[in-house]
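Visitor: Counting from 4, one number per residue, gives the positions in the sequence shown under my numbering.
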Amino acid sequence: MQMATETPIAEAGNNFVRDIIRADLESKRVTGVVTRFPPEPNGYLHIGHAKSICLNFGTAQEFGGRCHLRFDDTNPTKEEQEYIDAIETDVRWLGFDWGKHLYYASDYFEQLYAWAEHLIEAGKAYVDDLNPDQMREMRGTLTEPGRNSPFRDRPVAENLDLFRRMRAGEFPNGARILRAKIDMAAGNMNLRDPALYRILHAEHPRTGGAWCIYPTYDFAHGQSDAIEGITHSVCTLEFEDHRPLYEWFLDNLPVPSRPRQYEFARLNLGYTVLSKRVLTELVRKGHVSGWDDPRMPTLAGLRRRGVPPAALREFVRRIGVARANSTVDVAMYEHPIRELLNKSALRRMAVLRPLKVVIENYPGDGTEELEAVNNPEDATAGSRSIRFGRELYVERDDFMEDPPKQFFRLAPGREVRLRYAYFITCREVVKDAAGQVVELRCTYDPATRGGNAPDGRKVKATLHWVAAADAVTAEVRLYDHLFGRPDPGADGDIFADLNPSSLEVLTDCRLEPAAAAAEAGQPVQFERLGYFCRDAKSPGLAFNRTIGLRDSFAKAQAG
Ligand code: ATP
Ligand code: MG
4 MQMATETPIA
14 EAGNNFVRDI
24 IRADLESKRV
34 TGVVTRFPPE
44 PNGYLHIGHA
54 KSICLNFGTA
64 QEFGGRCHLR
74 FDDTNPTKEE
84 QEYIDAIETD
94 VRWLGFDWGK
104 HLYYASDYFE
114 QLYAWAEHLI
124 EAGKAYVDDL
134 NPDQMREMRG
144 TLTEPGRNSP
154 FRDRPVAENL
164 DLFRRMRAGE
174 FPNGARILRA
184 KIDMAAGNMN
194 LRDPALYRIL
204 HAEHPRTGGA
214 WCIYPTYDFA
224 HGQSDAIEGI
234 THSVCTLEFE
244 DHRPLYEWFL
254 DNLPVPSRPR
264 QYEFARLNLG
274 YTVLSKRVLT
284 ELVRKGHVSG
294 WDDPRMPTLA
304 GLRRRGVPPA
314 ALREFVRRIG
324 VARANSTVDV
334 AMYEHPIREL
344 LNKSALRRMA
354 VLRPLKVVIE
364 NYPGDGTEEL
374 EAVNNPEDAT
384 AGSRSIRFGR
394 ELYVERDDFM
404 EDPPKQFFRL
414 APGREVRLRY
424 AYFITCREVV
434 KDAAGQVVEL
444 RCTYDPATRG
454 GNAPDGRKVK
464 ATLHWVAAAD
474 AVTAEVRLYD
484 HLFGRPDPGA
494 DGDIFADLNP
504 SSLEVLTDCR
514 LEPAAAAAEA
524 GQPVQFERLG
534 YFCRDAKSPG
544 LAFNRTIGLR
554 DSFAKAQAG
């Protein structure tokens, strides 16, 4: 794939996981590196997952190991095939490949069940008939120990019989659970006889109606790692307290290998919500058009918005991997996107809010071809010809009838440069009955062809423009943060923090033909406006703004 020509993904940046792996290889604790990325197929992947993907796939790649994609599909009521497909697409898009190592926790249901019986037979698991409220009440608190369930000392034979009948479907949801028998007084709540299996009469996307009991995350995860020979099971910090349980299972079951779990800080990003629960609600409640709405922090949304996967990988590399939770400033995220697009995006001209300009002294109704550079950052991108003519469009914002001192763009009597074309001077302002400016009558100086005056006179502004003769009409969507504050939900109601103006749709934009010919997913810079990408999903011609230019051209001009 494209990756071969780029910087290896996990090459630099702080990454303590890499240090651990290096030490493990040196001490011969492991002979190779096997990691996994274990998504639950209950939603689309987001930029936080990108951190985990880059870490797991990237470090495996760096040490010549392999990384598995394993669907952690133990909760059939929330999981769907649509999510499985989307996750595979997104991981590939981000630039990673699991080869033949695609797994599902559900592949191990039979083995996990056998291991549950193994624990029962060893007197280390029991069937509990308490209802969820009683169980919660007896679990104790952080400061008080829990109390033993009256069912804790059931004989092995009775436990086995009940567990088999759970599997056979004899009991309704929630009637009984299988619990590990560890220690109800443990300081770590996860060791207070945690649940191993729950009854759930639900169809599973992959196992269908074969099961009506399902293993918990804790009972499935470590053992799945062990079955697959994972050497470094890397997860986010909230699982740190689960690690003793993870190890308890490995200690008490005849597992084929001994993985180790390491935790890192999850990614939090300003103005962004990365909770799947909230993202699901945004979709369900219609706050966004879907999981791939370009305002969503999902990989599908970012792809549709035109964010290059290489920029995401670079972002993840720069933020590094640490053990302390923190929130990353959006500027950190935006910077590599701009950097990469600046290098790679073709420059095009587009006018978002058109204002008609008529060049009165332009001969007849003719037009001519001028040369425009495709990318000043990349000489190999070449140039293209653009049409100039008597009728043009400029940006409405680039004209002011009564300009303040700092406004150097078009105004009555003012001369400016049209990029790649000529100097023009505004001679007359045409208004409609309502007093709205509808047209500017201008003159051009034929001696300034290409954009420079032979007499050396200067203008203070250069405007983008499009010739009316071959302009293509398109829709352009401008996006702002989906949430209006850097810490959405800090005051409680996260939905109250939605930014009411996160989307602006402009339907009468005019593009030069080369801009309109861009392919979906190919980044373009609309000069002075930002980076855009043609929307793959719209039936008509529509562009999504990926990101604005750092310094607005206007500001640079004024300065
Ligand atoms: P939930 O919101 O239900 O907790 P999740 O976002 O943790 O879901 P999973 O499918 O369980 O979703 O995540 C797969 C992997 O991605 C896990 O190993 C998880 O630790 C990691 N991950 C999830 N969110 C982030 C994040 N914000 N930063 C880094 N890694 C993350
Ligand atoms: Mg999770």
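No residue lacks a Cβ here, since even glycine has one placed at the ideal position from N, Cα and C.
Would you call the region 256-265 and the region 137-151 touching, i.e. three or more CB-CB distances under 8 Å?
Guide: no
Visitor: Just how far apart, CA to CA, sit residue 51 and residue 277?
Guide: Roughly 7 Å separates the two Cα atoms.
Visitor: Given a threshold of 16 other Cβ atoms within 10 Å of its Cβ, counted over all protein chains shown, does residue 225 qualify as buried or as exposed?
Guide: So residue 225 counts as buried.
Visitor: The alpha helix (DSSP H) spanning residue 131 covers which residue range?
Guide: Here residue 131 belongs to no alpha helix (DSSP H); instead the beta strand (DSSP E) covers 128-131.
Visitor: Which residues neighbour the ligand ATP when neighbourhood means a C-beta less than 5 Å away from any of its non-hydrogen atoms? List them by chain order.
Guide: Chain-ordered list of matching residues: 42, 43, 51, 52, 54, 55, 238, 239, 269, 270, 277, 279.
Visitor: Would you mind working out which of 362, 131, 435 sits nearest residue 201, comparing C-alpha positions?
Guide: 131
Visitor: Report yes or no: do the region 513-526 and the region 452-459 share at least 3 C-beta pairs separated by less than 8 Å?
Guide: Touching, no, given that fewer than three Cβ pairs across the two stretches are closer than 8 Å.
Visitor: By DSSP, does residue 243 sit in helix, in strand, or in coil?
Guide: Judged by DSSP in its simplified three-state form, residue 243 adopts helix.
Visitor: Less than 8 Å between the beta carbons of residue 370 and residue 474, yes or no?
Guide: no
Visitor: Closer than 8 Å by C-beta to residue 18: which residues in its own chain qualify, once you throw out the five before and the five after it? Chain order, please.
Guide: 58, 62, 323, 324
Visitor: Please confirm whether residue 564 and residue 89 have their CB atoms less than 8 Å apart.
Guide: Given that the chain is displayed from residue 4 to residue 562, the structure contains no residue 564 and the question cannot be resolved.
Visitor: Check the DSSP bridge columns for residue 1 and list the partner residues they point to.
Guide: No answer is possible for residue 1: it lies beyond the span of the chain, which begins at 4 and ends at 562.
Visitor: Whose CA, out of 76, 345, 124, 300, lies closest to the CA of residue 563?
Guide: Residue 563 falls outside the range modelled here, since the chain spans only 4 to 562, and no answer is possible.
Visitor: Would you mind listing the beta strand (DSSP E) stretches within the region 273-339 that are 3+ residues and don't spill past its ends, in chain order?
Guide: Runs of the beta strand (DSSP E) inside the region 273-339: 329-331.
Visitor: Count the other CB atoms, across all protein chains shown, that sit within 10 Å of the CB of residue 22; report buried if there are 16 or more and exposed otherwise.
Guide: So residue 22 counts as exposed.
Visitor: Just to confirm the assignment: which complete beta strand (DSSP E) runs, minimum length 3, are found wholly within the region 44-100?
Guide: You should have 69-74.
Visitor: In whole angstroms, give me the CA-to-CA distance for residue 82 and residue 44.
Guide: 5 Å
Visitor: Flag this pair as yes or no: are the beta carbons of residue 1 and residue 308 separated by less than 8 Å?
Guide: As displayed, the chain neither begins before 4 nor continues past 562, which places residue 1 out of reach and without an answer.
Visitor: Between 417, 178, 129, 187, which has its C-alpha nearest residue 163's C-alpha?
Guide: 129
Visitor: On the DSSP letters alone, give me the boundaries of the beta strand (DSSP E) that residue 40 sits inside.
Guide: Where residue 40 is concerned, the enclosing beta strand (DSSP E) starts and stops at 37-40.
Visitor: In this structure, what does DSSP give as the bridge partners for residue 106?
Guide: Residue 106 has 73 as its beta-bridge partners, per DSSP.
Visitor: Please give the ranges of any beta strand (DSSP E) in the region 507-542, keeping only runs that are unbroken, at least 3 residues long and fully inside the region.
Guide: The qualifying runs are 526-529, 533-537.
Visitor: Which two residues bound the contiguous alpha helix (DSSP H) that contains residue 159?
Guide: 159-171
Visitor: So, with DSSP's three-state summary, where would you put residue 545?
Guide: strand
Visitor: Taking all protein chains shown into account, do 16 or more other C-beta atoms lie within 10 angstroms of the C-beta of residue 252, making it buried, or fewer, making it exposed?
Guide: buried
Visitor: Could you give the distance in angstroms between the alpha-carbon of residue 378 and the alpha-carbon of residue 425?
Guide: If you draw a straight line from the Cα of residue 378 to the Cα of residue 425, it is about 20 Å long.
Visitor: Taking the C-alpha atoms as reference points, what is the distance between residue 494 and residue 500?
Guide: Taking the straight line joining both Cα atoms gives about 9 Å.
Visitor: Closer than 8 Å is the cut-off here; do at least three beta carbon pairs connect the region 100-110 with the region 191-205?
Guide: no
Visitor: At a cut of 8 Å, does the region 527-539 reach the region 343-351 through at least three beta carbon pairs?
Guide: yes
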